[in-house]
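Notes follow the structure.
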């Protein structure tokens, strides 16, 4: 019989409390335990980035993060980006720049981009590329995503600049 | 060590859909009681924009705002039949089916409005903003919403339409062998500029310039989005991706994203696109759809550019540094095919 460990953390500003199994990863707890389906299961081994969430503001691969380690910490997912009916600037920019097709990588891209913009409000194009270099996209060719993040930071895109 | 520049060209005639066994798609359109229209399809949107484009087509045909049209692609078990989202057929085949379904639904809409306004349905027109009025008499008007309510609760009729678009199977002429395997072609031409390092064998694509003829671009931003993303995949297939690097030997194949190579955001190639619009006669509002064609011409253009740069003719993909180096070795060194 596996032991259950109580874990309490902040999820998008609200308090969350769950019992987690030994070795259960954060992605699984978010999706099945808490019901937040925005982080996506892609490769399950930390190579695709679609499960990216922020822990205390830093991007982490939730599929490789032991759920117990977020005890008392702050977790952010795409579910918390919009404020009521108002989309986050990144979400608006992803739409305006056609930065999503199938959409599976999008939550991970958004969270990797948010971590970047939170600490570097006006990043260079190279910094944007670096920030999403752990996230795989199969549809867009990346350029529209890079443009969207530049646009969200109030800077010119290739299209506009 | 020398880095050789090369330029390669490729063009493509791309068939839209296929009809060797017949190629049908169906659509159903009906209004809800509040005058919104639902388009039911089994055609799947996997990010290419099927829902957006069929929504535009339905709204344009019905004469109602795009915001008042919903597209439901819920379930291929229970929905109207569709052959599927492949062969770049979505816009053309499904779009034509939606036009037919929406045309029938529009006829029912105008008949219901005519009954309410006590006029002939042939004298009515829509303003595209949710109103129906008598031609030349804009004050004799009824909203689409009120028409739907009247149809539903007073007249007892549905505002609905059925549509199917079928390219029938093409028979082979027994005398000549002639047949018509496809009905509609899209076209493209593409130029790749790249560099080949003759010491490492590495190929770096610097720029792509392309022209795509896709009929009418029904949604220009979606067309551009597909062309950009598709060209990326073309570069990836040309230079990086394979599941069997030593085919036919199955060993050393990648088993995860660590070993399955793809260009990342740092390897994005500048891509200038010209979309040429020559509306096709048998296509919905002239639109053919870019589809698979957005990736295809990139591969031969890169192979030609590598040959142009160093004289190595790679006939196996992807064009890896190893293959370039083996070609250079066989040729006794780089043999640039043109001065740049």
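Protein chains in written order, with full-length UniProt numbering: chain A, 1 to 161; chain B, 1 to 340. Beta carbons: idealized from backbone N, C-alpha and C, even for Gly.
Expressed to the nearest angstrom, what Euclidean distance is found between the alpha-carbon atoms of residue i and residue j?
i: residue 261/B; j: residue 71/A; result: 36 Å
i: residue 102/B; j: residue 64/B; result: 11 Å
i: residue 344/B; j: residue 153/B; result: Outside the shown range of chain B (1 to 340) lies residue 344/B, about which nothing can therefore be said.
i: residue 266/B; j: residue 88/B; result: 29 Å
i: residue 143/B; j: residue 106/A; result: 39 Å
i: residue 37/A; j: residue 327/B; result: 49 Å
i: residue 34/A; j: residue 141/A; result: 33 Å
i: residue 69/A; j: residue 45/A; result: 18 Å
i: residue 299/B; j: residue 134/A; result: 26 Å
i: residue 161/A; j: residue 239/B; result: The predicted position of residue 161/A is uncertain, since its pLDDT is 43 and thus under 50; no value can be drawn from it.
i: residue 18/A; j: residue 56/A; result: 19 Å
i: residue 334/B; j: residue 202/B; result: 13 Å
i: residue 10/B; j: residue 314/B; result: 15 Å
i: residue 183/B; j: residue 95/B; result: 15 Å
i: residue 51/A; j: residue 78/A; result: 10 Å
i: residue 18/B; j: residue 24/B; result: 10 Å
i: residue 286/B; j: residue 7/B; result: 33 Å
i: residue 173/B; j: residue 39/A; result: 56 Å
i: residue 87/A; j: residue 80/A; result: 10 Å
i: residue 146/A; j: residue 206/B; result: 18 Å
i: residue 307/B; j: residue 118/A; result: 47 Å
i: residue 106/B; j: residue 248/B; result: 57 Å
i: residue 67/B; j: residue 133/B; result: 20 Å
i: residue 158/B; j: residue 52/B; result: 25 Å
i: residue 79/B; j: residue 73/B; result: 8 Å
i: residue 10/A; j: residue 74/A; result: 5 Å
Quick one, which of the options has its alpha-carbon nearest residue i's?
i: residue 221/B; options: 273/B, 155/B, 139/B and 128/B; result: 273/B
i: residue 214/B; options: 77/B, 6/B, 91/B and 128/B; result: 91/B
i: residue 127/A; options: 138/A, 113/A, 136/A and 27/A; result: 113/A
i: residue 84/B; options: 71/B, 270/B, 126/B and 41/B; result: 41/B
i: residue 110/A; options: 67/A, 47/A and 92/A; result: 92/A
i: residue 111/B; options: 227/B, 287/B, 160/B and 15/B; result: 160/B
i: residue 319/B; options: 70/B, 204/B, 21/B and 171/B; result: 204/B
i: residue 33/B; options: 306/B, 232/B, 249/B and 150/B; result: 150/B
i: residue 143/A; options: 263/B, 116/B and 119/B; result: 263/B
i: residue 82/B; options: 28/B, 106/B, 61/B and 114/B; result: 28/B
i: residue 232/B; options: 254/B, 209/B, 245/B and 246/B; result: 209/B
i: residue 37/B; options: 62/B, 46/B, 80/B and 22/B; result: 62/B
i: residue 108/A; options: 120/A, 137/A, 89/A and 95/A; result: 137/A
i: residue 140/B; options: 115/B, 162/B, 158/B and 155/B; result: 115/B
Any idea what DSSP makes of residue i, helix, strand or coil?
i: residue 92/B; result: helix
i: residue 91/A; result: helix
i: residue 143/A; result: helix
i: residue 29/A; result: helix
i: residue 40/A; result: coil
i: residue 228/B; result: helix
i: residue 106/A; result: helix
i: residue 237/B; result: helix
i: residue 300/B; result: helix
i: residue 18/B; result: coil
i: residue 280/B; result: coil
i: residue 137/A; result: coil
i: residue 222/B; result: helix
i: residue 285/B; result: helix
i: residue 56/B; result: helix
i: residue 81/A; result: coil
i: residue 176/B; result: coil
i: residue 70/B; result: strand
i: residue 260/B; result: coil
i: residue 163/B; result: strand
i: residue 156/A; result: coil
Output yes or no for whether 8 Å exceeds the beta carbon distance between residue i and residue j.
i: residue 12/B; j: residue 293/B; result: yes
i: residue 309/B; j: residue 336/B; result: yes
i: residue 126/B; j: residue 35/B; result: no
i: residue 99/B; j: residue 57/B; result: yes
i: residue 229/B; j: residue 101/A; result: yes
i: residue 185/B; j: residue 14/B; result: yes
i: residue 167/B; j: residue 97/B; result: no
i: residue 345/B; j: residue 49/B; result: Residue 345/B is absent from the structure shown; chain B starts at 1 and stops at 340.
i: residue 76/A; j: residue 12/A; result: yes
i: residue 252/B; j: residue 317/B; result: no
i: residue 281/B; j: residue 217/B; result: no
i: residue 49/A; j: residue 61/A; result: yes
i: residue 291/B; j: residue 103/A; result: no
i: residue 225/B; j: residue 98/A; result: yes
i: residue 3/A; j: residue 28/A; result: no
Segment contact, 8 Å Cβ cut-off, at least three pairs: the region 114 to 126 of chain A with the region 140 to 158 of chain A: In this structure the region 114 to 126 of chain A touches the region 140 to 158 of chain A; the number of beta carbon pairs closer than 8 Å is three or more.
Cβ pair count under 8 Å reaching 3, the region 1 to 16 of chain B against the region 197 to 212 of chain B: Note that the region 1 to 16 of chain B touches the region 197 to 212 of chain B; at least 3 beta-carbon pairs, one per stretch, sit closer than 8 Å.
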